[in-house]
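Mapped onto the UniProt record's numbering, the consecutive letters of the sequence shown carry residue numbers 1 to 217.
All remarks here apply to the structure that follows.
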Amino acid sequence: MSRKQWSVCSALVIALLIMTLLTGCGAKGSLTGTGTAAESGNAEKVMRWERMPEMELDLNKTYSAVFTTNKGNFTVKLYANEAPITVNNFVFLARHGFYDGLTFHRIIESFMIQGGDPQGNGVGTPGYSIPDELDTEIKYESGIVAMANAGKPNTGGSQFFICTGSGSENLNQNPNYSIFGKVVSGMDTVLEIAKTPVDNNEPLEEIIIQNIIIQEK
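And the structure:
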């Protein structure tokens, strides 16, 4: 898929571009590595399942995700009550180590950082898809975490993005991405990741998710 240059020519063009950038059919090149998954991003991740996980969340509890990256740490409060299927899926993948060693493979500083792709090129999945959860009053803004998709309804899998600037607010015109959390600490780390130099939105250095620890209480 050809990439369009990020611009601010009109709200409609921005919204359409955002939808294109957040699909799972992005860049063709892959990021590879030779060490363990946590040392070099997207190193031969082979975890796949035939169907989405069974519901295991306790909706009487609160959940958060602590990200450790090679650029620092940050914590996401997970919106289990607003998006139970999406949060259950994310928690399942994180607890199975699916995200360990993957990268943030797409970065647009004033918009978002995107990660969670086992192939590192925008097309990877965990082997299944999950339904959208779009019935929410929560708005896209800096710090919000939402699922990426393949450009069609109910095609989320493992890829997610974290909003990093005012560009993300244009998503509120066409809210097609399930919101399932928000960064509550370490946003400075997220914004630092967003400043990584890129070529066609692909970071010129690997930004590695070393692990994600799920906390519940």
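Built from N, CA and C at the ideal position, the CB exists for glycine as well.
Problem set entry | Given residue 100 as reference, the closest of 46, 106 and 81 once Cα atoms are compared | 46
For this session: For the beta strand (DSSP E) holding residue 187, just list the boundary residues, first then last.
Result: First-last for residue 187: 187–194, but that is the alpha helix (DSSP H), not the beta strand (DSSP E).
Exercise. Enumerated in chain order, which unbroken segments of the beta strand (DSSP E) with a length of 3 residues or greater are wholly contained in the UniProt domain "PPIase cyclophilin-type" (72–214)?
Worked result: 72–78, 104–108, 112–115, 144–147, 160–163 and 179–185
For this session: Grab the span of the beta strand (DSSP E) containing residue 66 for me, first residue to last.
Result: 63–69
For this session: Would you grab the beta carbon distance between residue 206 and residue 103 for me? Rounded to a whole angstrom, and I think it's under 8 Å.
Result: 5 Å
Exercise. Going by C-alpha distance, which of 115, 62, 79 and 149 is nearest residue 211?
Worked result: 115
For this session: For residue 216, name the three-state secondary structure that DSSP assigns.
Result: strand
Exercise. Can at least three beta-carbon pairs, one atom from the stretch 53–66 and one from the stretch 148–166, be found at a separation below 8 Å?
Worked result: no
Problem set entry | C-alpha gap between residue 176 and residue 70, whole angstroms | 30 Å
Exercise. For residue 77 versus residue 183, is the C-beta distance shorter than 9 Å?
Worked result: yes
Problem set entry | Contacts around residue 131, its chain only, beta-carbon distance under 7 Å, and the 5 residues preceding and following it disregarded | 85 and 154
For this session: Go through its chain and collect everything with a Cβ distance to residue 128's Cβ below 7 Å, but skip five positions before and after it.
Result: 49, 50, 51, 52 and 157
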